[in-house]
Structures are given as structure tokens and as C-alpha cells.
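Have a look at the structure below, then the notes.
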Amino acid sequence: MTDITSNAIDELHDLHSFLAIIQHLNVGVIVVDRKFTVRIWNSFMETNSGINGSHINGHCLYKFFPEVEHSWLKDKIIEVFTLETPIFSSWEQHQEVIKFKNNRPFTGSSMHMYINYTITPMRSITGKTDEVIIMLYDVTDEACSKKGLQEANNKLHQMSITDGLTGIFNRAYWEEALRHQFNYHVRTNNKVTLMMFDIDHFKHVNDTYGHPAGDAVLKEVCQILKKTIRGTDIAGRYGGEEFGVIFLDTTREQAYFVAERLRKTVEAHTVYHGDKAIKFTISIGLCSISDIITSAKDWLVRTDNSLYFSKEHGRNRTTQHGINDTEETMNVEIPLPPKTNKNN
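Under the numbering used here, read the sequence shown as residues 34 to 377, first letter to last.
If you want it as C-alpha cells, here you go:
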């Protein structure tokens with residue numbers, strides 16, 4: 034009898050120690066059965082949820098967290114019961130269901146807690162899984178560090194492909210996009226048109242008003258450009274005052290309509306720099322891709338030739354390769370597509 038009593042006392046002591054360890058873990062511990070009735074709710078959960086274990090134990094988890102009932106967490110718990118295999122889910126793989134505030138709001142960089150989950154089957158002495166243990170790990174510091182690194186890398190990447198003055202793509206990235214779009218056309222035979230334009234007499238602007246004024250002109254031209262083209266079109270600064278735009282899924286007629294809208298908008302615009310009012314125009318060249326174009330470089334050269342035809346024949350005009358780019362055809366009137374086409 035003494036031995037049996039002693040063994041019972043030892044087992045109670047072990048159980049008490051086990052529960053004490055669970056209570057003081059700096060990890061959330063929840064034990065639920067197949068009906069999602071809470072069996073264990075440790076101090077980490079009490080502290081961060083504001084719900085005392087004596088209030089939630091013996092009740093369905095849905096009663097206190099109704100969002101669990103239709104969440105990925107419920108599905109994972111059922112999966113663990115079904116497969117009797119542990120499951121891990123990192124903060125990057127899910128949206129938070131049981132949401133906690135960051136317990137270091139002043140020293141941390143996030144107002145909420147990032148959580149990793151481990152869900153493990155708990156087998157009884159008969160080997161049957163009637164309960165699962167859900168462990169929640171506070172990984173806010175690691176998550177914020179990783180997100181900060183990702184944001185820094187994204188910012189560096191954006192800086193590496195963007196022209197610092199105008200905010201559009203720089204030449205290296207834009208030329209790579211041009212090669213990609215040419216190769217894509219070879220595979221798919223899609224419609225795509227290239228536009229090159231530059232600012233007429235830009236040297237005169239710099240010489241007359243100063244380089245800061247010239248920079249203001251470049252910036253405003255690109256602001257007008259961004260408002261004129263679509264988000265899917267690819268604009269880049271090719272040289273000092275020369276720019277390129279790749280119009281995706283765009284016919285020659287549609288590209289001409291956009292080019293003329295840009296040219297007329299710039300012509301009507303005034304840049305104010307200090308007490309100076311600066312008026313200027315642009316010249317434009319267009320070339321729609323076709324079977325006669327052998328490479329991205331060939332495509333660019335043909336478009337540039339159209340641009341320089343515009344500059345050599347009065348400026349402030351749009352020249353299309355193969356349409357109005359000779360002395361004989363330069364005065365040919367090119368019809369515009371219907372204005373109802375809002376995509377271009």
C-alpha cells in the first residue's frame with residue numbers, strides 16, 4: 034500500500050511539474066479536443082489574449098474566437114486529427130487568426146505579433162488521438178527583421194532600375210525590357226509599338242534658364258508622360274532629353290493617337306521655374322514591330338530614325354516609320370482611331 038501511494042504521489046508531482054512548465058513557457062499552448070473544446074490554456078495565452086484559463090477551459094474555442102471556425106487554422110487542426118501528423122505553419126504562410134498585439138510596442142517595429150504555429154497530435158495511452166496541442170511562437174523580431182531586409186532590398190532594386198531625376202526606368206533596365214518584348218513578340222506575334230521622343234531645343238532651355246530649370250522641364254515632361262500612357266506601358270529615359278516608351282498590345286493607330294495626345298499636351302504646357310515661364314515642344318518617332326524587324330536593336334534604330342526625321346522636318350511632330358518618314362510622304366494625313374478607346 035505504501036508503494037502504491039508513493040507512486041501515485043510521484044505521478045501527481047510529475048503532472049504538477051509538467052503543468053507548471055507549460056504554464057511558464059514563453060510560448061502559447063492550447064490543447065483542444067475534436068469538438069474544439071479547450072483543455073489547456075497557458076499563461077502566455079492568458080497574458081496576450083486577456084482571457085483567463087478558468088474562463089475558456091471547458092468551452093469551445095469558437096465561443097471566444099469565432100473567426101477560427103472559418104479559417105485555415107481550423108482546417109489544419111482537422112488535418113492533424115485526420116492524418117495524426119504534426120503540421121508547422123510560419124507567419125509567412127498564413128494570415129493571423131488569433132491576433133495579439135506586439136508586447137514590445139515601443140521598442141519593436143510592429144504593432145501586432147507575428148506568430149508561427151505548430152499543431153501536434155496528442156495520443157492517449159490507448160494510442161488514439163483525441164486531442165491536439167497548438168503551440169504559438171512569438172517571432173515578431175525575426176519577422177520584422179526579415180521584412181525590413183526585404184523592403185531594403187526592394188528599395189535598392191527599385192533604385193537600381195529607376196532614373197533618379199525623372200522617376201521612370203533608367204536606360205539599362207528599359208533596354209532590357211525592349212529586348213524582352215522583342216523576343217516575346219517573336220514567340221507570340223503580339224502587337225507592340227515603340228515610341229522615342231525628345232525635347233526640342235533642350236540645350237537652349239539649359240543655356241537660357243540654367244540646368245536646374247532644365248531638370249524641372251525633364252521632371253514635368255515625365256509627369257505628363259505618366260498621366261498619358263497606361264500602367265502596363267514601359268517608359269524609360271534613354272539619354273539626356275530622349276525618352277522611350279514600349280506600348281504593349283497596341284496597334285500602330287493606337288500608338289499614334291497616344292503620341293499625338295502627348296505631343297499636344299506638352300505643347301500646351303508651361304513649366305514655371307522661379308519667375309521664369311518655360312514653353313517647349315517634343316518630337317516623336319514611332320515604329321510598330323513587324324516581320325521585317327530583325328532584332329531589338331533594329332527596332333530601336335528604325336524608331337530613332339523616325340524621331341530624327343521629325344526633328345529635321347520642323348520638330349513638334351510625330352513621324353511613323355514607313356508611313357510619313359520620307360519627303361514624299363511627310364505631309365500625308367494620318368487618321369486617328371476613335372476617341373472612345375479609353376485604354377489608350
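Backbone N, C-alpha and C define an ideal beta-carbon position, used for all residues, glycine too.
Can you list, in chain order, the stretches of the alpha helix (DSSP H) that have 4 or more residues and sit fully within the segment 177-227?
Qualifying alpha helix (DSSP H) stretches, in chain order: 204-221.
Do T298 and T351 have their C-beta atoms within less than 8 Å of each other?
Looking up residue 298 in the sequence shown gives position 265. Looking up residue 351 in the sequence shown gives position 318. No.
Under three-state DSSP, which class holds V130?
As a first step, residue 130 is located in the sequence shown; it is residue number 97 there, counting from the start. If DSSP states are grouped into helix, strand and coil, V130 belongs with coil.
Environment of L211 [buried if 16+ CB atoms lie within 10 Å]:
The sequence position of residue 211 within the sequence shown is 178, counting from 1. Buried, because 16 or more other Cβ atoms sit within 10 Å of the Cβ of L211.
Beta-carbon within less than 8 Å of N90's beta-carbon, same chain only, minus the 5 sequence neighbours each way: which residues are those?
Position 57 of the sequence shown, counting from 1, holds the residue named residue 90. Only V71, R72, I73 and W74 meet the Cβ criterion.
Would you call the segment 281-290 and the segment 247-262 in contact, with 3 or more CB pairs under 8 Å?
Judged by Cβ distances under 8 Å, the segment 281-290 makes no contact with the segment 247-262, as fewer than three pairs qualify.
Taking the beta carbon of I158 as the centre, do at least 16 other beta carbons fall within 10 Å, making it buried, or is it exposed?
Working through the sequence shown from its first residue, we reach residue 158 at position 125. Exposed is the call here.
Roughly how far, in whole angstroms, is the beta-carbon of I110 from the beta-carbon of V65, given that I think they are within contact range, below 8 Å?
Taking the first residue of the sequence shown as 1, we reach residue 110 at position 77. Taking the first residue of the sequence shown as 1, we reach residue 65 at position 32. So it is a contact: roughly 7 Å between Cβ atoms.
So does the segment 313-322 actually touch the segment 214-234, counting three or more Cβ pairs closer than 8 Å?
yes
Under the three-state reduction of DSSP, which class applies to P464: helix, strand or coil?
Nothing can be reported for residue 464: it is not among the residues displayed for the chain, which extend from 34 to 377.
If you measure between the beta carbons of V165 and V113, is that distance less than 8 Å?
Indexing the sequence shown from 1 puts residue 165 at position 132. Indexing the sequence shown from 1 puts residue 113 at position 80. Yes. Within cutoff.
DSSP state of K309, grouped into three classes?
Walking along the sequence shown from the start, residue 309 turns up at place 276. Here K309 sits in strand by DSSP.
Which ranges does the alpha helix (DSSP H) cover as unbroken runs of at least 4 residues, wholly within the segment 234-277, from first to last along the chain?
235-242 and 244-261
Using DSSP with H/G/I as helix, E/B as strand and the rest coil, what is V331?
Within the sequence shown, residue 331 is the residue found at index 298, counting from 1. Position check: residue 331 holds Asp in this sequence, whereas Val was assumed. D331: helix per DSSP, three-state reduction.
Buried versus exposed, by CB contacts within 10 Å (16 or more), Q214
As a position in the sequence shown, residue 214 is number 181, starting the count at 1. With a threshold of 16 other beta carbon atoms within 10 Å, Q214 meets it and is buried.
In the DSSP assignment, find the beta strand (DSSP E) that holds Y289 and state where it starts and stops.
By 1-based counting over the sequence shown, the position of residue 289 is 256. That residue, Y289, is in no beta strand (DSSP E); its alpha helix (DSSP H) goes R285 to A301.
Determine the burial state of T359: buried for a count of at least 16 other Cβ atoms within 10 Å of its Cβ, exposed for fewer.
The residue given as residue 359 occupies position 326 in the sequence shown. Its Cβ having fewer than 16 others within 10 Å, T359 is exposed.
Around the Cβ of E253, are there at least 16 other Cβ atoms within 10 angstroms (buried) or fewer (exposed)?
By one-based count along the sequence shown, residue 253 stands at place 220. With a threshold of 16 other beta carbon atoms within 10 Å, E253 meets it and is buried.
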